[in-house]
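In what follows, a structure is listed as structure tokens, so that the remarks can point back to it.
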């Protein structure tokens, strides 16, 4: 539905794949191992952008062959602290106790890579959790095992339903892809919208 | 997972049914015809509450038999104007042109009815649409036919993805059920959370 070069989504996240599909974009998925470390001096938004762009550089070949490669990275921030993916139950429990009763920010960086250009952008969403009980956290971790997720939660999961009092920004950005901004960037790149 | 009396959801909306299920609540659906008219003098939040409570009164028998009956009504408001469900394409087109490029409010009223009490509450979410093109509106109406939806759109549909720049509040409230507030009210009613 968007007239574009063949699109490659460089992400194994089923959420990102589902979101891109609902946007009406036809794509294939190609996965490569990319080291997700980043320099210490970067500010938070810079980290999300840096990691999206770092992933992007692994797809030079595909981009030069006429594909549009989409990479993304989502980070969870509490004040200046970046909260990564938990190693398991203990760390997941600690993370959710940190987020409990507070506002945090979710930042997703996105990189669009074609043969002749790379465009990067990010979006920020504020998420407000109620005070979570130990029982609620334990139940969630045991049933959903969200250990592949930054901050140890999915906003579309049970804990997001019962725990998130409000958000400010894009809901899908918290899931891993700022779909409205992505659409706007694709239109700017002259990918025509054709029903 | 919530220790409660048998729950009846009095709504045919597949979105509401899906949201209640993700909350981990086991329920059955019983539908009755209820006239959705309301007095002119009501303010906007009062309309959502009035309609949720009006629907609730149709389930006196079920509530008196030991069930918890959940009713809800979602309205879309642009300033002081309430925007209902469209009659078809023409009216849907007009509604989306009204919402285009502006902020509007989505209010869902909910009523919880047991044998001895009725508790009602509402939640409000601000939704910000980008300027929608005629082509985008036409494509959406033709593919999704959202004529059963207040305001002629579903936030979880294509148009919500490409058109909603941000929200303030609960995402699920826009879909038709303020799940976090509903959970908090159920806990207050001493329905125990038991993993």
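Residue numbers (this note's numbering), protein chains in the order written: chain R, 60 to 254; chain E, 60 to 254.
Where a beta carbon is used, it is the ideal one built from N, C-alpha and C, also for glycine.
- Under the Cβ criterion (8 angstroms, minimum of three pairs), the segment 207-220 of chain E does not count as touching the segment 168-177 of chain E.
- Between residue 129 of chain R and residue 155 of chain R a beta carbon distance of about 30 angstroms is seen, past the 8 angstroms cut, so the two are scored as non-contacting.
- The three-state secondary structure of residue 137 of chain E, taken from DSSP, is strand.
- For residue 105 of chain E, the enclosing alpha helix (DSSP H) starts and ends at 103-116.
- The three-state reading of DSSP puts residue 232 of chain E in helix, counting H, G and I together.
- Residue 181 of chain E is positioned such that its CB atom lies no closer than 9 angstroms to that of residue 158 of chain E.
- Distances from the CA of residue 114 of chain E to each of E:136, E:71 and E:76 were compared; the closest alpha carbon is that of E:71.
- Considered as a whole, the segment 185-229 of chain E harbours 223-228 as its complete beta strand (DSSP E) runs of no fewer than 3 residues, in chain order.
- DSSP places residue 167 of chain E in no alpha helix (DSSP H) but in the uninterrupted beta strand (DSSP E) bounded by 162-172.
- DSSP places residue 250 of chain E outside both helix and strand once states are collapsed to three, so it counts as coil.
- Where residue 86 of chain R is concerned, the enclosing beta strand (DSSP E) starts and stops at 86-88.
- In the DSSP assignment, residue 125 of chain E falls outside any alpha helix (DSSP H), carrying neither H nor E.
- Neighbours of residue 242 of chain R across chain E, judged by C-beta separation under 8 angstroms: 220 and 221.
- Under the DSSP assignment, residue 66 of chain R falls in the beta strand (DSSP E) whose first and last residues are 66-68.
- Membership of residue 73 of chain E in the alpha helix (DSSP H) is indicated by the continuous run 73-81.
- Contact annotation for residue 238 of chain E against chain R: 220 and 221 [CB-CB distance below 8 angstroms, chain order].
- For residue 148 of chain R, DSSP assigns no beta-bridge partner whatsoever.
- Rounded to whole angstroms, the separation of the alpha carbons of residue 144 of chain E and residue 106 of chain E is 15 angstroms.
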